[in-house]
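Engineer: Per UniProt numbering, the very first residue in the sequence shown carries number 1; after that it's consecutive. Idealized CB from N, CA, C, for every residue including glycine. Small disclaimer: the values here were computed from a predicted structure and weren't measured. After the structure tokens below, expect a handful of questions from me.
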Amino acid sequence: MEQGDVKILKKKPIYPVSIELRKYLRFYQRDAKLPVGYQDLLGFYESFPVMDKNGKDTLWESPMYPPHEMERLHNGLKKAYAMLKASGNLRIVEHKYIDRIDYCKFGNSNPFRIKIVNRLNDIYDYFYVKKADASRIYGLELEEIFSPNQVNYLVDGDSLIEEHIAGIPGDEFAKSRLGHTDYNPIRIAKEFVKFNERCMITLLGDMRAYNFVMQITPDFDDFQFRLRAIDFDQQFYEGNLKVYMPQFFKENRPYVELAMEHLTDKTVLQYQQEEQSSIMYQARSEKHRLKELRDVSKKDNISTIENIHQLREGLFRHYADSHYHKCESMTDIIELNIKNVIRQVNA
């Protein structure tokens, strides 16, 4: 695998949710009337930094709200959690309380992170309240369709609530666990290669180590690993092809070096083909949903002409495929990526 470094120089704008996309969300039961929205949570009067257990700034802040607002916000957030997890069944939050609300100024979506705790056993969960960005919604939908992972979220107006994706942050895993003697480095490298391939085909950008998590599952004779994206803000917006290839971010260098050490060109190709086969089967099994999402996104203005032209030129050079020059939207590019994957698998 090649190494490199790529930087995103300009912050991506927040794209509003179009009427057509809202119809799609309604059909697939992704829309809801939320009791508390993003704007409600912005009503804090001050905040203080949240530090980790080592005293390091986490880039999250703990906002302070007027006392008369706290009960309304907490009750609304519990109802929103019930809607996200149990179709609004309030019995699941009877013994739960909102332990804390955190706010992040870092990144595009400036999310709120909500910690909800079961007072009977102190088991807790997180969920997020964010600005409803069309790019992120398309990313979540493509993750649902093409990856082996399920995603759970709801949209109401300019607000989006999203469940927490559990796992060890990729940067923390690289620092503290990548060399763990009980972990098979080949399995980790294999997962990174497959993750890299999926991001490039589906045009999920900016997958630096802190934007994905590592999930570890003990098996009867070994550990299984899975990389999961947790940030979908950079879904098919950028024009630089390398933005969609995690291998080129310096934050991911430990994973790239692991792959270079333990994999051969032949095994890298094998794992790429395995991921392509998985994507092909998902595209076939979800073809109706994929077509509807394609029809909606083709009408949406969620990138720039310059970025589209730059990306199609980059893909033309990467694959030596002149068909990319005919693509007029990011949706056209993804569609051609998928068609090429199906042709390669069936060849």
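Let me make sure I understand the geometry here. Which of E275, F146, K105 and L315 has the alpha-carbon closest to that of D57?
Structural biologist: Start at 1 with the first residue of the sequence shown, and residue 57 comes out as number 57. Ranking the options by Cα distance to D57, first place goes to K105.
Engineer: With distances taken between CB atoms, is the gap from T236 to I334 smaller than 8 Å?
Structural biologist: As a working note, residue 236 is residue 236 in the sequence shown. As a working note, residue 334 is residue 334 in the sequence shown. Per the sequence shown, residue 236 should be read as Phe rather than Thr. For F236 and I334, yes; Cβs fall inside 8 Å.
Engineer: Can you have a look at Y81 and say buried or exposed, based on whether 16 or more other CB atoms are within 10 angstroms of its CB?
Structural biologist: On the sequence shown, position 81 is the one that residue 81 refers to. So Y81 counts as buried.
Engineer: Given F232, which residues of its chain have a CB within under 6 Å of its CB, disregarding the five upstream and five downstream residues?
Structural biologist: Numbered from 1 along the sequence shown, position 232 holds the residue referred to as residue 232. These residues qualify, in order along the chain: R136, G139 and L140.
Engineer: With S147 as the anchor, note down where its beta strand (DSSP E) starts and where it stops.
Structural biologist: Residue mapping note: residue 147 aligns to position 147 of the sequence shown, counting from 1. Here S147 belongs to no beta strand (DSSP E), and DSSP marks it neither H nor E.
Engineer: Please report how far the alpha carbon of M260 lies from the alpha carbon of P111, in whole angstroms.
Structural biologist: One-based indexing of the sequence shown puts residue 260 at position 260. One-based indexing of the sequence shown puts residue 111 at position 111. Their backbone Cα atoms lie some 36 Å apart in a straight line.
Engineer: List in chain order: all unbroken beta strand (DSSP E) runs of 3+ residues lying wholly within the segment 22 to 102.
Structural biologist: Fully enclosed beta strand (DSSP E) runs of 3 or longer: 46 to 51 and 57 to 64.
Engineer: Smallest Cα separation from E251: which of P169, L311 and H325?
Structural biologist: Here residue 251 corresponds to residue number 251 of the sequence shown, with the count starting at 1. It is P169.
Engineer: DSSP puts A229 in a beta bridge; with which residues?
Structural biologist: Here residue 229 refers to the residue found at position 229 when the sequence shown is read from its first residue. According to DSSP, A229 bridges with F212.
Engineer: Name the DSSP beta bridge partners of P169, please?
Structural biologist: The residue you call residue 169 lines up with position 169 of the sequence shown. V213, per the DSSP bridge assignment.
Engineer: Is the CB of K12 under 8 Å away from at least one CB in chain B?
Structural biologist: Among the chains of the structure shown, chain B does not appear; only one protein chain is present.
Engineer: At what residues does the alpha helix (DSSP H) containing N118 begin and finish?
Structural biologist: Along the sequence shown, one-based indexing puts residue 118 at 118. Note, N118: premise wrong, no alpha helix (DSSP H); beta strand (DSSP E) at F112 to N118.
Engineer: Please determine, among D99, Y103, K85 and M83, the residue with the shortest C-alpha to C-alpha distance to Q39.
Structural biologist: Here the question's residue 39 lines up with position 39 in the sequence shown. Comparing Cα-Cα distances from Q39 to each of D99, Y103, K85 and M83, the minimum goes to Y103.
Engineer: With a cut-off of 8 Å on the beta carbons, I'd call D300 and A134 a contact; round off their distance for me.
Structural biologist: Position 300 of the sequence shown holds residue 300. Position 134 of the sequence shown holds residue 134. Sure, about 6 Å apart at Cβ, within 8 Å.
Engineer: Mark P148 as exposed unless 16 or more other C-beta atoms lie within 10 angstroms of its C-beta, in which case mark it buried.
Structural biologist: Reading the sequence shown from its first residue, position 148 is the one you call residue 148. Classification of P148: exposed, given that the 10 Å Cβ count is below 16.
Engineer: Cutting at 6 Å between CB atoms, please list the residues of its own chain near E286, excluding the five before and the five after it.
Structural biologist: If you number the sequence shown from 1, residue 286 lands on position 286. Result list for E286: I145, in chain order.
Engineer: Give me the Cα-Cα distance between L25 and L84, rounded to the nearest whole angstrom.
Structural biologist: For the purposes of this step, residue 25 is taken as the residue at position 25 of the sequence shown. For the purposes of this step, residue 84 is taken as the residue at position 84 of the sequence shown. Each residue's Cα considered, the two are about 14 Å apart.
Engineer: Tell me which same chain residues have a C-beta within less than 8 Å of the C-beta of I308, skipping the five on either side of it?
Structural biologist: Looking up residue 308 in the sequence shown gives position 308. So the list reads G239, C327, E328, S329, M330 and I333, once near-sequence residues are dropped.
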